[in-house]
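Chains as they are written, first to last, in this note's numbering: chain A, 210 to 493; chain B, 210 to 493; chain C, 210 to 493; chain D, 210 to 493. These notes are about the structure you will find just below.
There are 4 protein chains.
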Amino acid sequence: MNTSVLRISCPDQPGLVAAVSSWVAGVGGNIVHAEQHTDRHDGMFFQRVEFTHGDMVGADSLRAGFAAVAANWAMDFTLEPLPWRPRTAVLCSRQLHCAADLLSRTTYGDLGLDIVGVVSNHADAQQLATSFGHTFFHVPVEGGDTGRAEQENTLSTILDSLQVDLVVLARYMLVLPGDLVRRWSGRMINIHHSFLPAFVGANPYRQAHDRGVKVIGATAHYVTEELDEGPIIAQDVARVTHRDDVEELTRIGRDLETVVLARAVRAHVEHRVLAWNNRTVVFG
Amino acid sequence: MNTSVLRISCPDQPGLVAAVSSWVAGVGGNIVHAEQHTDRHDGMFFQRVEFTHGDMVGADSLRAGFAAVAANWAMDFTLEPLPWRPRTAVLCSRQLHCAADLLSRTTYGDLGLDIVGVVSNHADAQQLATSFGHTFFHVPVEGGDTGRAEQENTLSTILDSLQVDLVVLARYMLVLPGDLVRRWSGRMINIHHSFLPAFVGANPYRQAHDRGVKVIGATAHYVTEELDEGPIIAQDVARVTHRDDVEELTRIGRDLETVVLARAVRAHVEHRVLAWNNRTVVFG
Amino acid sequence: MNTSVLRISCPDQPGLVAAVSSWVAGVGGNIVHAEQHTDRHDGMFFQRVEFTHGDMVGADSLRAGFAAVAANWAMDFTLEPLPWRPRTAVLCSRQLHCAADLLSRTTYGDLGLDIVGVVSNHADAQQLATSFGHTFFHVPVEGGDTGRAEQENTLSTILDSLQVDLVVLARYMLVLPGDLVRRWSGRMINIHHSFLPAFVGANPYRQAHDRGVKVIGATAHYVTEELDEGPIIAQDVARVTHRDDVEELTRIGRDLETVVLARAVRAHVEHRVLAWNNRTVVFG
Amino acid sequence: MNTSVLRISCPDQPGLVAAVSSWVAGVGGNIVHAEQHTDRHDGMFFQRVEFTHGDMVGADSLRAGFAAVAANWAMDFTLEPLPWRPRTAVLCSRQLHCAADLLSRTTYGDLGLDIVGVVSNHADAQQLATSFGHTFFHVPVEGGDTGRAEQENTLSTILDSLQVDLVVLARYMLVLPGDLVRRWSGRMINIHHSFLPAFVGANPYRQAHDRGVKVIGATAHYVTEELDEGPIIAQDVARVTHRDDVEELTRIGRDLETVVLARAVRAHVEHRVLAWNNRTVVFG
Numbered sequence: 210m211n212t213s214v215l216r217i218s219c220p221d222q223p224g225l226v227a228a229v230s231s232w233v234a235g236v237g238g239n240i241v242h243a244e245q246h247t248d249r250h251d252g253m254f255f256q257r258v259e260f261t262h263g264d265m266v267g268a269d270s271l272r273a274g275f276a277a278v279a280a281n282w283a284m285d286f287t288l289e290p291l292p293w294r295p296r297t298a299v300l301c302s303r304q305l306h307c308a309a310d311l312l313s314r315t316t317y318g319d320l321g322l323d324i325v326g327v328v329s330n331h332a333d334a335q336q337l338a339t340s341f342g343h344t345f346f347h348v349p350v351e352g353g354d355t356g357r358a359e360q361e362n363t364l365s366t367i368l369d370s371l372q373v374d375l376v377v378l379a380r381y382m383l384v385l386p387g388d389l390v391r392r393w394s395g396r397m398i399n400i401h402h403s404f405l406p407a408f409v410g411a412n413p414y415r416q417a418h419d420r421g422v423k424v425i426g427a428t429a430h431y432v433t434e435e436l437d438e439g440p441i442i443a444q445d446v447a448r449v450t451h452r453d454d455v456e457e458l459t460r461i462g463r464d465l466e467t468v469v470l471a472r473a474v475r476a477h478v479e480h481r482v483l484a485w486n487n488r489t490v491v492f493g
Numbered sequence: 210m211n212t213s214v215l216r217i218s219c220p221d222q223p224g225l226v227a228a229v230s231s232w233v234a235g236v237g238g239n240i241v242h243a244e245q246h247t248d249r250h251d252g253m254f255f256q257r258v259e260f261t262h263g264d265m266v267g268a269d270s271l272r273a274g275f276a277a278v279a280a281n282w283a284m285d286f287t288l289e290p291l292p293w294r295p296r297t298a299v300l301c302s303r304q305l306h307c308a309a310d311l312l313s314r315t316t317y318g319d320l321g322l323d324i325v326g327v328v329s330n331h332a333d334a335q336q337l338a339t340s341f342g343h344t345f346f347h348v349p350v351e352g353g354d355t356g357r358a359e360q361e362n363t364l365s366t367i368l369d370s371l372q373v374d375l376v377v378l379a380r381y382m383l384v385l386p387g388d389l390v391r392r393w394s395g396r397m398i399n400i401h402h403s404f405l406p407a408f409v410g411a412n413p414y415r416q417a418h419d420r421g422v423k424v425i426g427a428t429a430h431y432v433t434e435e436l437d438e439g440p441i442i443a444q445d446v447a448r449v450t451h452r453d454d455v456e457e458l459t460r461i462g463r464d465l466e467t468v469v470l471a472r473a474v475r476a477h478v479e480h481r482v483l484a485w486n487n488r489t490v491v492f493g
Numbered sequence: 210m211n212t213s214v215l216r217i218s219c220p221d222q223p224g225l226v227a228a229v230s231s232w233v234a235g236v237g238g239n240i241v242h243a244e245q246h247t248d249r250h251d252g253m254f255f256q257r258v259e260f261t262h263g264d265m266v267g268a269d270s271l272r273a274g275f276a277a278v279a280a281n282w283a284m285d286f287t288l289e290p291l292p293w294r295p296r297t298a299v300l301c302s303r304q305l306h307c308a309a310d311l312l313s314r315t316t317y318g319d320l321g322l323d324i325v326g327v328v329s330n331h332a333d334a335q336q337l338a339t340s341f342g343h344t345f346f347h348v349p350v351e352g353g354d355t356g357r358a359e360q361e362n363t364l365s366t367i368l369d370s371l372q373v374d375l376v377v378l379a380r381y382m383l384v385l386p387g388d389l390v391r392r393w394s395g396r397m398i399n400i401h402h403s404f405l406p407a408f409v410g411a412n413p414y415r416q417a418h419d420r421g422v423k424v425i426g427a428t429a430h431y432v433t434e435e436l437d438e439g440p441i442i443a444q445d446v447a448r449v450t451h452r453d454d455v456e457e458l459t460r461i462g463r464d465l466e467t468v469v470l471a472r473a474v475r476a477h478v479e480h481r482v483l484a485w486n487n488r489t490v491v492f493g
Numbered sequence: 210m211n212t213s214v215l216r217i218s219c220p221d222q223p224g225l226v227a228a229v230s231s232w233v234a235g236v237g238g239n240i241v242h243a244e245q246h247t248d249r250h251d252g253m254f255f256q257r258v259e260f261t262h263g264d265m266v267g268a269d270s271l272r273a274g275f276a277a278v279a280a281n282w283a284m285d286f287t288l289e290p291l292p293w294r295p296r297t298a299v300l301c302s303r304q305l306h307c308a309a310d311l312l313s314r315t316t317y318g319d320l321g322l323d324i325v326g327v328v329s330n331h332a333d334a335q336q337l338a339t340s341f342g343h344t345f346f347h348v349p350v351e352g353g354d355t356g357r358a359e360q361e362n363t364l365s366t367i368l369d370s371l372q373v374d375l376v377v378l379a380r381y382m383l384v385l386p387g388d389l390v391r392r393w394s395g396r397m398i399n400i401h402h403s404f405l406p407a408f409v410g411a412n413p414y415r416q417a418h419d420r421g422v423k424v425i426g427a428t429a430h431y432v433t434e435e436l437d438e439g440p441i442i443a444q445d446v447a448r449v450t451h452r453d454d455v456e457e458l459t460r461i462g463r464d465l466e467t468v469v470l471a472r473a474v475r476a477h478v479e480h481r482v483l484a485w486n487n488r489t490v491v492f493g
């Protein structure tokens with residue numbers, strides 16, 4: 210038996226659940242997990258249906274079959290096989306805890322990724338990448354604006370040549386150009402080291418310390434052109450006290466960042482995220 | 210439009226979701242919230258379907274109609290109207306924080322209960338009950354075992370005469386007799402002041418202190434004949450340190466107990482709990 | 210034996226702890242709890258010393274005695290008796306969960322306050338206040354700006370006439386005038402229904418929903434002239450999902466607000482808070 | 210300047226803080242962090258004092274100097290230099306997430322350890338250890354009881370020959386013999402994959418699932434001869450639901466285990482833990 214995941218969003222109306230489940234039954238499928246969400250304020254319906262079906266039926270043929278249902282009900286949908294091992298590029302800079310964690314989780318099977326490259330504007334991650342058996346791409350910024358544009362081109366070329374499905378910004382500290390962000394829309398996840406929307410921009414732990422907050426956080430989100438404004442996939446927080454200086458906040462934050470980023474990446478890989486209106490539905 | 214909630218448990222098999230959603234569509238209903246859970250280990254299927262339907266269709270007629278579907282698929286089911294305001298008895302002893310919280314929440318609309326009586330083996334709660342406009346029943350234990358049996362009879366008679374739908378043990382410190390527990394099976398919720406199954410029995414905060422734990426908790430569960438062993442509905446925890454003596458653990462614990470008990474009661478009132486095999490499915 | 214609490218802030222230098230503890234020993238005191246904090250970034254030293262001493266020594270005489278030590282080391286200090294039952298005014302508007310919680314906690318001894326009045330711009334809290342045996346002051350805003358100024362004058366007169374030590378804004382929804390805020394500086398605590406500095410201003414739960422955050426929070430802070438910018442005393446957070454609409458966020462938030470406000474008030478009453486540079490040191 | 214840490218435990222009495230701080234001042238030291246705890250129930254006093262002092266004064270001479278103070282007040286004490294990089298052995302079996310995390314943290318400076326060896330009864334960790342540049346010791350159990358005794362002897366010999374200061378059981382799944390445990394008393398930290406004292410022994414995630422708990426946890430503790438009964442250093446918890454089967458609990462638990470173990474190890478390395486009466490004081 211194979212497993213597929215159908216994700217749907219459409220205006221809410223009576224009969225949607227019946228229409229979908231009847232279609233699944235009609236193709237000989239068995240729903241093993243289904244979750245729906247109705248946003249009453251916006252009048253929208255969202256559903257994720259995970260179903261098993263015969264080996265001989267491929268995703269393409271299922272997609273073609275469901276298209277008629279979708280047309281009838283004005284649905285946007287995706288239909289993907291599960292498990293899915295996306296070809297993933299990990300981008301990082303000098304802080305390596307998130308990258309190390311992703312590589313480590315992938316190695317012992319906690320994350321179902323195929324890491325096809327580790328890319329950084331600094332050389333620091335080279336040893337990490339190679340010790341885990343991954344190819345390392347050093348793409349430094351050299352010179353001023355020209356160097357920056359060149360670096361972005363090189364980066365873009367690398368991602369293309371690797372045929373990447375998913376880009377993970379694991380504390381990659383350069384802002385990416387708009388066209389690159391647009392091309393990877395919905396397929397590029399960043400970890401921001403604060404509880405967004407508090408403390409956007411640089412040095413969030415310094416900002417948090419100066420405001421005297423008693424809780425700090427980390428936020429994983431899809432990257433959009435507005436810096437730190439993309440749809441939030443996962444967040445977590447930790448309680449802190451006056452005793453925690455910026456250095457200690459940074460240390461506590463590292464544990465948040467690694468866990469939150471991994472949680473977001475896992476949700477994406479399992480086709481559990483549906484972004485809509487700059488928010489996400491994250492199915493359980 | 211009216212709203213009803215259907216809860217189902219049965220052995221898992223293909224077609225269940227389609228069968229249920231087709232039936233709902235067939236009676237002119239619109240599913241506004243549905244959640245299913247498949248326990249693959251035990252091969253069981255659980256579902257909660259909240260749907261709106263015409264005013265003229267009552268719960269009894271819906272129940273009768275669904276019975277045929279249920280028979281076909283070997284389903285256990287309940288079908289209840291929503292909102293439901295259960296006639297509720299609050300039982301307490303000397304610690305009044307949970308009772309006070311329930312009365313307060315009910316007053317400002319946070320909990321949709323009709324409190325029909327506050328019952329205690331001590332007189333302490335009298336003022337609290339009357340200040341919120343509720344009838345207070347003082348049912349003390351007088352004398353030894355005989356007194357205890359009499360007290361239990363009186364209590365049982367009160368619950369019957371009040372036509373109670375739900376009994377909440379809000380830090381009621383007497384163990385109830387087996388026949389009373391059995392009669393209120395699935396309709397009696399207790400708050401235990403520890404993170405069960407750690408620290409069953411008396412003085413859990415003293416036990417927690419002596420073991421030197423760094424986290425304490427509270428547990429709301431349906432009452433069964435095995436003390437502190439019933440199906441858990443809700444739990445929460447708080448971090449503590451060596452600085453927290455038994456008195457401080459008790460104080461921190463009070464906040465956990467009130468919030469956890471209220472959360473469990475709300476889930477019950479909203480028909481979101483399904484107990485099976487001494488565990489619960491708590492729908493979102 | 211009596212207990213006093215000494216709180217100190219001063220530039221850090223060697224010998225401070227020895228100077229203070231020697232002075233305590235010199236007046237026959239026994240330190241039962243001491244905690245210090247050094248902010249290395251700002252070069253500041255903070256300490257709270259709780260000590261027992263003979264019945265015959267009053268706070269005034271201790272203060273006079275310690276003044277010489279303080280002068281030697283450029284210390285700011287306060288010295289207060291413990292327990293301290295501040296004369297407290299609770300201000301609220303239409304949302305009564307925080308006020309109800311404070312009254313309830315005070316009644317069963319969880320908070321060591323003397324509530325001398327419940328004040329509101331709406332009549333809704335009247336029954337709550339009187340059922341707990343407290344005086345209720347209804348101070349509505351009538352008419353436009355003139356009415357507002359009058360209301361503020363009346364409020365100020367009430368607080369003065371009650372000889373209030375502490376003002377708790379328990380979801381009081383009117384902004385207070387600058388002179389009132391200045392007069393109660395460090396003695397007025399507000400609960401804001403968001404994880405500040407995220408979502409300042411009105412309708413934070415709506416803001417949180419629209420941003421799609423996965424965690425919401427509540428913040429208790431001393432009131433300053435800059436709205437929502439005062440020193441934070443306590444914060445807490447809860448995880449939420451896409452399923453939680455604004456109404457549900459509001460409900461979850463209520464539990465956060467009550468617990469966070471009570472925590473902040475308790476810390477204040479136990480002389481455990483020291484505000485400095487728009488941040489707080491909250492001793493354990 | 211050098212830094213030293215003094216940890217004290219003794220029966221509580223007036224004058225202790227003054228005695229200690231005066232001694233520090235007397236040796237030209239400056240207290241940079243001090244925290245004390247009085248256990249009123251047991252009448253015990255605990256203190257940790259971190260102080261800077263001249264380069265020329267060694268820990269041995271400070272210890273000798275303080276011994277006189279300690280004798281006067283019946284103190285147990287330790288005095289250690291900071292930072293301290295203990296020679297650490299990491300023991301693991303087949304589950305490698307904790308070991309990988311410790312190695313990773315050590316590499317990027319999050320934990321101040323010198324890992325002198327990775328030891329396992331299985332070969333699985335070999336690649337991990339060597340990719341991080343550490344020596345791997347494969348110490349399998351061969352045959353029955355004889356093999357087990359041999360294995361324990363080999364393990365003991367390795368720890369001795371490596372001159373290990375700290376043994377970390379990073380999901381090492383064999384019970385260690387009593388004499389080995391006694392020899393490493395207070396210097397051997399284990400991670401247990403439950404919220405102790407709930408679910409001692411084998412398969413705690415299976416136990417947690419079958420009991421239907423809504424929160425799972427992890428516990429780091431010093432190892433004692435009573436299995437899972439040693440002094441708890443750190444615990445943390447995560448909320449779970451009925452949807453989380455044993456596999457998912459195990460996955461969620463991995464994140465708890467790594468973070469809790471790292472937290473406990475850091476506290477130990479920074480001389481912040483003081484075990485007494487099978488509990489710990491963990492200074493901030």
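Cβ coordinates follow ideal geometry from the N, Cα and C atoms, glycine included.
So, at 8 angstroms on beta carbons, what are the nonlocal neighbours of B/T433 in its own chain, with the 5 sequence-adjacent residues on each side left out?
V390, S394, G439, P440, N487
Checking the sheet assignment: what are the DSSP bridge partners for B/H401?
B/T428
What span of residues does the beta strand (DSSP E) with D/N362 cover, start to end?
No beta strand (DSSP E) contains D/N362, which is instead part of the alpha helix (DSSP H) from 354-370.
Under 7 angstroms Cβ to Cβ from A/F408, same chain only, skipping five residues before and after it: list those, please.
In chain order, Q416, A417 place their CB closer than 7 angstroms to the CB of A/F408, counting only its own chain and leaving out the 5 sequence neighbours on each side.
Quick check: what's the CA-CA separation for B/L483 versus A/I324?
Approximately 42 angstroms between the Cα atoms of the pair.
Does D/L305 come within less than 7 angstroms of chain A when only Cβ atoms are used?
yes
Tell me which residue opens and which closes the beta strand (DSSP E) that D/L288 is part of.
Here the beta strand (DSSP E) through D/L288 covers 285-291.
Mind checking which residues open and close the alpha helix (DSSP H) that includes C/W485?
Taken as a continuous stretch (DSSP letters only), C/W485 belongs to no alpha helix (DSSP H), being part of the beta strand (DSSP E) at 482-485.
Candidates A/V241, A/F404, A/G237, A/W232: which alpha carbon is nearest A/G426's?
Nearest of A/V241, A/F404, A/G237, A/W232 to A/G426, Cα basis: A/F404.
Hey, which unbroken runs of the alpha helix (DSSP H) at 4 residues or more fall wholly within the stretch 264-337 of chain D?
Whole alpha helix (DSSP H) segments, 4+ residues: 268-282, 306-316.
Is the Cβ of D/I441 closer than 7 angstroms to any Cβ of chain B?
yes
Between the stretch 233-242 of chain C and the stretch 221-230 of chain D, do at least 3 Cβ pairs fall closer than 8 angstroms?
yes
When the Cβ atoms of the stretch 372-385 of chain A are set against those of the stretch 305-314 of chain A, are three or more pairs found closer than 8 angstroms?
yes
When you compare the CB of D/S230 with every CB in chain A, is at least one pair closer than 7 angstroms?
no
Could you pull out every residue in the same chain whose Cβ sits closer than 7 angstroms to the Cβ of A/Q372, ignoring the five residues on either side in sequence?
In chain order, R296 place their CB closer than 7 angstroms to the CB of A/Q372, counting only its own chain and leaving out the 5 sequence neighbours on each side.
Helix, strand or coil, according to DSSP, for B/H343 in the structure here?
coil
In whole angstroms, what is the alpha-carbon distance linking C/T467 and B/T467?
11 angstroms
Using the beta-carbon of each residue, which ones in chain C are nearer than 9 angstroms to A/F404?
F404, A407, V422, V424, G426, V446
Apply the 10 Å Cβ neighbour rule to A/Q222 and answer buried if 16 or more other Cβ atoms are within range, or exposed otherwise.
The residue is exposed, with fewer than 16 neighbouring Cβ atoms inside 10 Å.
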